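> My questions all concern the structure below.
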Amino acid sequence: MTLREPSAANLQWGVVRVDGGAPQPALRDGDDVLLAAELALDDDGPDLRRALRSPTLNALIELGPPAWCAVQQAAADAPAAARRALADTTAVLPIQIPDYVDFYASLEHATNFGAIFRPDAPAVRDNWRHMPIAYHGRASTVVVSGTTIRRPHGQIGPAVLQATAQLDLEAELGYICGPTATGPIAIDRAEQHIFGVVVVNDWSARDIQRYEYEPLGPFLGKSFATSMSAWITPLTALAAARTQPPPQDPPAAPYLTAKEPWLLGIDLSIEINGEVVSRPSAKSLYWTPAQMLAHLTVNGARLSAGDLFATGTISGTQPQSAGSLAELHRGQRWLADGDDVVLRANAGAVELGEVRGRVAAP
Numbered sequence: 001m002t003l004r005e006p007s008a009a010n011l012q013w014g015v016v017r018v019d020g021g022a023p024q025p026a027l028r029d030g031d032d033v034l035l036a037a038e039l040a041l042d043d044d045g046p047d048l049r050r051a052l053r054s055p056t057l058n059a060l061i062e063l064g065p066p067a068w069c070a071v072q073q074a075a076a077d078a079p080a081a082a083r084r085a086l087a088d089t090t091a092v093l094p095i096q097i098p099d100y101v102d103f104y105a106s107l108e109h110a111t112n113f114g115a116i117f118r119p120d121a122p123a124v125r126d127n128w129r130h131m132p133i134a135y136h137g138r139a140s141t142v143v144v145s146g147t148t149i150r151r152p153h154g155q156i157g158p159a160v161l162q163a164t165a166q167l168d169l170e171a172e173l174g175y176i177c178g179p180t181a182t183g184p185i186a187i188d189r190a191e192q193h194i195f196g197v198v199v200v201n202d203w204s205a206r207d208i209q210r211y212e213y214e215p216l217g218p219f220l221g222k223s224f225a226t227s228m229s230a231w232i233t234p235l236t237a238l239a240a241a242r243t244q245p246p247p248q249d250p251p252a253a254p255y256l257t258a259k260e261p262w263l264l265g266i267d268l269s270i271e272i273n274g275e276v277v278s279r280p281s282a283k284s285l286y287w288t289p290a291q292m293l294a295h296l297t298v299n300g301a302r303l304s305a306g307d308l309f310a311t312g313t314i315s316g317t318q319p320q321s322a323g324s325l326a327e328l329h330r331g332q333r334w335l336a337d338g339d340d341v342v343l344r345a346n347a348g349a350v351e352l353g354e355v356r357g358r359v360a361a362p
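See below:
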């Protein structure tokens, strides 16, 4: 096997099975995988060693940035015994997700959806520009990329229970949090509580969602499945992707105002059955990751290692930059049984990977 020095820009966190064995933490380096438990670490403490033999990344995330950096540094001198070909491993869901929150951070998406769902009312409600709007998702239905998505049932009208006829995708980015902390988390410290970034598809049943979402927001139309990429890109690997967010009008509240605000200039693509149908970009998001995390915890909410919060659908101003079929086709096209959906993301040369799923009949 030819060995090469891992690049910090290539390394991603994940959990894999090798030869059908138990899940174990790993670092992806291009087409190779480094088994974290086989790395030579300067800090060989029992907590870190135990974390690297766990079936998820939660214990490692709990140890905080110094431990994360120690493992990444050890990967630079990975012994041959630690290295496997990616093709010889099976990636699994890398974290046990304690909680999942989905935001609504794209002004373009909020405007588009307001016009679709509330054509006789203002597209964007007054509170939208004052705080990052979100809802609690269902952590137990977050699944790893490659999982088949079964068409869900729900009510679409008074006492009408049936399989959704309007199955949709949502192109999003997700942020894995840790270590455990009790809020509020100050906006300028938010990045110290973000382990990494994933690609997310928050599958949605629009007919179910439309009937149920008032007055308390989405429920069964959203809670049946959320797909997440198997590999987590460290926030530190995306330093070159930082960009200035768009101006906010009116100015955000003090707890949402950062000294140096940032977004990640990550580009996404949506592919259905091999055809790219849209190319959204996170550069256009109105609310930043730091603002989302600050708002999530401002009431004192506890942040647990492995918590996931997502941006909500990412949509741009151009016709082929929408992050959902509802926006792209205005109700004229939905996902069919057998459709293969793949979302990919990159920040320049840094590939965040993909999240894929095939739609199955109810």
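Heads up: the sequence shown at position 26 corresponds to 26 in the UniProt record's numbering, and the numbers run straight through without jumps.
All C-beta atoms in this analysis are idealised placements derived from N, C-alpha and C, irrespective of residue type, glycine included.
Note that the coordinates shown come from a computational prediction; the quantities given were computed from them, not determined experimentally.
1) Quick one: grab the DSSP three-state call for residue 318.
2) Grab the span of the beta strand (DSSP E) containing residue 328 for me, first residue to last.
3) Can you give me the C-alpha to C-alpha distance between residue 316 and residue 281, rounded to a whole angstrom?
4) Classify residue 202 as helix, strand or coil using the three-state DSSP reduction.
5) Check whether the region 324-332 and the region 128-138 touch, using three or more Cβ-Cβ pairs below 8 Å as the test.
6) Based on Cα-Cα distance, which residue from 274, 211, 192 and 171 lies nearest to residue 159?
7) Does the separation of the CB atoms of residue 201 and residue 233 fall below 9 Å?
8) Taking C-beta to C-beta, are residue 353 and residue 204 nearer than 9 Å?
9) With three or more beta-carbon pairs closer than 8 Å as the criterion, would you say the region 255-265 touches the region 44-63?
10) Just to confirm before moving on: does the CB-CB distance between residue 284 and residue 314 stay below 9 Å?
11) Given that a residue counts as buried once 16 or more other Cβ atoms are within 10 Å of its Cβ, and exposed if not, what is residue 274?
12) Whole angstroms is fine: what's the gap from residue 20's alpha carbon to residue 307's?
13) Contact between the region 125-134 and the region 290-305 is defined here as three or more beta-carbon pairs at a separation below 8 Å; is this criterion met?
14) Pull up the DSSP beta-bridge partners for residue 153, would you.
15) Since residue 13 and residue 34 should fall inside the 8 Å C-beta cutoff, what is the C-beta to C-beta distance between them, to a whole number of angstroms?
16) Can you give the beta carbon distance from residue 120 to residue 312, rounded, assuming they're within the 8 Å contact cut?
17) Between which two residues does the beta strand (DSSP E) holding residue 132 run?
18) Could you give the first and the last residue of the continuous beta strand (DSSP E) run that contains residue 189?
19) Less than 6 Å between C-beta atoms, sequence neighbours within five positions excluded: which residues of the same chain meet that for residue 199?
20) On the CB-based measure, 16 or more other CB atoms within 10 Å of its CB, does residue 46 come out buried or exposed?
21) So residue 447 and residue 197 are supposed to be a Cβ contact under 8 Å. How far apart are they, rounded?
22) For residue 240, collect the residues of the same chain with a Cβ closer than 7 Å to its Cβ; drop the 5 residues on either side in sequence, then sort them by chain order.
23) Whole-angstrom Cβ separation of residue 151 and residue 361, contact assumed at under 8 Å?
24) If distances are taken between C-alpha atoms only, which option among 167, 291 and 37 comes closest to residue 223?
25) Please state if the CB of residue 93 and the CB of residue 16 are separated by a distance shorter than 9 Å.
26) Can you tell me whether residue 206 is buried or exposed, with buried defined as 16 or more other CB within 10 angstroms of its CB?
27) On the premise that residue 310 lies in contact with residue 173, defined as a C-beta separation below 8 Å, what is that separation, rounded to the nearest angstrom?
28) Judging by CA-CA distance, which residue of 165, 112 and 89 is the nearest neighbour of residue 24?
29) Rounded to whole angstroms, what is the Cα-Cα separation between residue 299 and residue 87?
30) If you scan the region 236-306 from start to end, which runs of the beta strand (DSSP E) of 3 or more residues do you find wholly inside it?
31) Could you spell out the range, first to last residue, of the alpha helix (DSSP H) harbouring residue 50?
32) Anyone know if the C-beta pair for residue 95 and residue 57 falls short of 9 Å?
33) Which residue from 179, 69 and 91 puts its Cα closest to that of residue 55?
34) Per DSSP, what kind of secondary structure is residue 100 in: helix, strand or coil?
35) Kindly indicate the opening and closing residues of the beta strand (DSSP E) around residue 38.
36) With DSSP as the reference, label residue 13 as helix, strand or coil.
The structure says:
1) coil
2) Run containing residue 328: none in the beta strand (DSSP E); it sits in the alpha helix (DSSP H), 325-329.
3) 7 Å
4) coil
5) no
6) 211
7) no
8) no
9) no
10) yes
11) exposed
12) 27 Å
13) yes
14) 163
15) With 8 Å as the limit, residue 13 and residue 34 do not qualify as a contact, their Cβ atoms being about 11 Å apart.
16) With 8 Å as the limit, residue 120 and residue 312 do not qualify as a contact, their Cβ atoms being about 23 Å apart.
17) From DSSP, residue 132 is part of no beta strand (DSSP E); its letter is neither H nor E.
18) Per DSSP, residue 189 belongs to no beta strand (DSSP E) and is neither H nor E.
19) 229, 343, 345, 352 and 355
20) exposed
21) Residue 447 is absent from the model: the chain starts at 1 and stops at 362.
22) 348
23) 6 Å
24) 167
25) no
26) buried
27) 7 Å
28) 89
29) 45 Å
30) 267-272 and 275-278
31) 46-51
32) yes
33) 91
34) strand
35) No beta strand (DSSP E) holds residue 38; DSSP gives it neither H nor E.
36) strand
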